[in-house]
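>
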């Protein structure tokens, strides 16, 4: 239940933010336009608003409403509670809201060249969609959570089983919502830089650039975050957008467009895998509005939401003379012997930032063991495991001799174009780390005829 006076405070916010002049007398006049009768506490509330805000806080109407409500309650609480006869005095009646003025919101200060969105109309214009459709996509009431699978669902969901581990829920937006999210990624999110320690999903950085930060270390510590995307809740996304200067209503709408909650049916059909505690953690995260794994906006938002985590862990590493990088949910520390002792303090910081570790995936490797960061061996120079290179060369050679199906490991279920893309991605990855070997593998891939029928020869 909302506290008494909430409706009055909202009406005053709209009136105050629409004032042509930010002064106590002007705000009092604005208040008289919307409240009948004008309460005797109005001048004091107007004066407090001007004293607390040098400029109209047009990016934070909700925050201003809370402030006005608090000041009003303090004024009312300071009044005598009993009359001269010792009888309780009645609480003053709430004034009637005689008119609702439109709330004038504006961008706050921002450090980045993000696309300006002063109000919801600007969002609709940017996305080329009316506000009714945007509200449907944002789902502020959470109706999608109880909506059965079908054409009204905004996400297509399927579980990805992982032997011995908690399954992963893939949540892919419908084409129209995906198009909306791509615009938001390009115009709203891309201009905001992640922390320098983040190497995943960042232009100019990669698994290889992150791995290079740990070459030749005496000791390597690697840890994994559990359910990384799902753990980034809507509140953290909203705070990220507010830090970019977007007004509260705009940040709320954008947050809804980029987050979702798994349906009850999806949670009920979770495949087996992982400990009960880990499964419960994932279910709880998925049941609340979170970043969907499958939306184009999620990787960038996850990086931005983890900015403070990265800053704290980078500071922790620097104090110990170690290096720190993060690639999506993979955390890596390297340095002199004893770096592994950081893991206890890392766990505290991770938990304090609202994330969780997968204890079973924490690894410590000395110089005498193979040190691997995001699949790259970093003992001396960046390299890939020989077994991985040999396996890829064998797949491509078989595909050249016998046809594409000889290279299909059932991961793409016979889809030749999907197989081509998968092999091309693997060859491109090898080329990044081993340019000469990558060129040889690329030549093999080019020799595969994906149009011809397979042969048994």
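Residue numbers (the UniProt record's numbering): 1 to 457.
We treat Cβ as the ideally placed atom computed from N, Cα and C, and that holds for glycine.
Could you check what DSSP says for residue 222 in three-state terms: helix, strand or coil?
Strand at residue 222.
> What does the alpha-carbon distance come out to for the pair residue 350 and residue 221?
The alpha-carbon atoms of residue 350 and residue 221 are separated by roughly 15 Å.
> Identify the residues that DSSP records as bridge partners of residue 55: which are they?
In the DSSP output, where bridge partners are listed per residue, residue 55 has none listed.
> Using only alpha-carbon positions, find the residue among 274, 136, 200 that is nearest to residue 298.
That would be 200, whose Cα lies nearest to the Cα of residue 298.
> Can you name the start and end residues of the beta strand (DSSP E) that residue 333 belongs to?
Looking at the DSSP string, the run of the beta strand (DSSP E) that includes residue 333 is 330-335.
> Look up residue 451 in the DSSP assignment and say whether it is helix, strand or coil.
The answer is coil: DSSP assigns residue 451 none of H, G, I, E or B.
> In whole angstroms, what is the alpha-carbon distance linking residue 229 and residue 158?
Going from the Cα of residue 229 to the Cα of residue 158 covers about 16 Å.
> Expressed to the nearest angstrom, what Euclidean distance is found between the alpha-carbon atoms of residue 193 and residue 288?
Approximately 27 Å, taken between the alpha carbons.
> Since residue 8 and residue 61 are thought to touch, with beta carbons under 8 Å apart, how far apart are those beta carbons, to the nearest angstrom?
With a Cβ gap of about 14 Å, residue 8 and residue 61 do not count as contacting.
> Have a look at residue 290 and residue 281 and give me their C-alpha separation to the nearest angstrom.
Looking at the two C-alpha atoms, the distance is approximately 13 Å.
> Would you identify the three-state DSSP class for residue 195, choosing helix, strand or coil?
Residue 195: coil per DSSP, three-state reduction.
> Would DSSP call residue 266 helix, strand or coil?
It is helical.
> Terminal residues of the continuous alpha helix (DSSP H) containing residue 395?
Unbroken alpha helix (DSSP H) run through residue 395: 386-402.
> Going by the C-beta, is residue 246 closer than 7 Å to any heavy atom of the ligand MN?
Here there are no bound small molecules, and the ligand MN is not part of this structure.
> Checking contacts by CB at 8 Å: is residue 213 closer than that to chain B?
Looking at the structure shown, chain B is missing, and only one protein chain is on hand.
> Under three-state DSSP, which class holds residue 286?
Helix at residue 286.
> Can you tell which of 168, 235, 365 has the C-alpha that lies nearest to the C-alpha of residue 262?
Cα-wise, what sits closest to residue 262 is 168.
> Can you list, in chain order, the residues of its chain whose CB lies under 7 Å from that of residue 130, leaving out five sequence neighbours each side?
Excluding positions up to five away in sequence, the list reads 124.
> Have a look at residue 371 and residue 377 and give me their C-alpha separation to the nearest angstrom.
Approximately 6 Å between the Cα atoms of the pair.
> For residue 224, which residues of its own chain have a beta-carbon under 8 Å away from its beta-carbon, when the five flanking residues on both sides are left out?
Once the five neighbours on either side are set aside, the close Cβ partners of residue 224 are 329, 330, 331, 357, 358, 361, 362.
> Once DSSP output is grouped into helix, strand and coil, what is the label at residue 456?
Low confidence applies to residue 456: its pLDDT is 49, below 50, so where it sits in the model is not reliable enough to give any reading.
> With DSSP run on the structure shown, which of helix, strand or coil describes residue 41?
DSSP places residue 41 in coil when its eight states are reduced to three.
> Decide yes or no for the touch test of the segment 34-50 against the segment 72-79: beta carbon pairs closer than 8 Å, at least 3 of them.
The segment 34-50, when compared against the segment 72-79, does touch it at the 8 Å Cβ threshold.
> Return the Cβ separation of residue 93 and residue 34 in integer angstroms, given the expectation that the two are a contact with Cβ distance under 8 Å.
In fact, because the Cβ distance is near 16 Å, the residues do not count as touching under 8 Å.
> Taking the continuous beta strand (DSSP E) assigned at residue 159, which residues delimit it?
That run of the beta strand (DSSP E) goes 155-162.
> Among the candidates 217, 256, 226, 218, whose CA atom is the shortest distance from the CA of residue 236?
Checking every option, the nearest Cα to that of residue 236 belongs to 256.
> Could you tell me the alpha carbon to alpha carbon distance between residue 19 and residue 36, rounded to whole angstroms?
Near 18 Å, if we compare the C-alpha coordinates of residue 36 and residue 19.
> Quick one: using the 10 Å Cβ neighbour count with 16 as the cut-off for buried, is residue 293 buried or exposed?
Burial call: buried.
> Measure the beta-carbon distance from residue 326 to residue 198 and round it to whole angstroms, keeping in mind my assumption that it falls under 8 Å.
Right, their Cβ atoms sit about 5 Å apart.
> Bridge partners for residue 165 per DSSP, in chain order?
BP columns for residue 165 point to 162.
> Would you mind giving the Cβ-Cβ distance between residue 367 and residue 218, rounded to the nearest angstrom? I have them listed as a contact below 8 Å.
Contact holds; Cβ gap of about 5 Å.
> Among the residues of its own chain, which have a CB less than 7 Å from the CB of residue 419, if the five just before and after it don't count?
Contacts found: 404, 407, 408, 412.
> Can you look up residue 297 in the DSSP assignment and give me helix, strand or coil?
DSSP places residue 297 in coil when its eight states are reduced to three.
> Taking the CB atoms as reference points, tell me whether residue 14 and residue 102 lie closer together than 8 Å.
Taking 8 Å as the Cβ cut-off, residue 14 and residue 102 qualify as a contacting pair.
> Using the Cα positions of residue 162 and residue 66, report the straight-line distance between them to the nearest angstrom.
In a straight line, the C-alpha of residue 162 is about 46 Å away from that of residue 66.
> Can you tell me whether residue 195 is buried or exposed? The criterion is at least 16 other CB atoms within 10 Å of its CB, across all chains shown.
The residue is buried, with at least 16 neighbouring Cβ atoms inside 10 Å.
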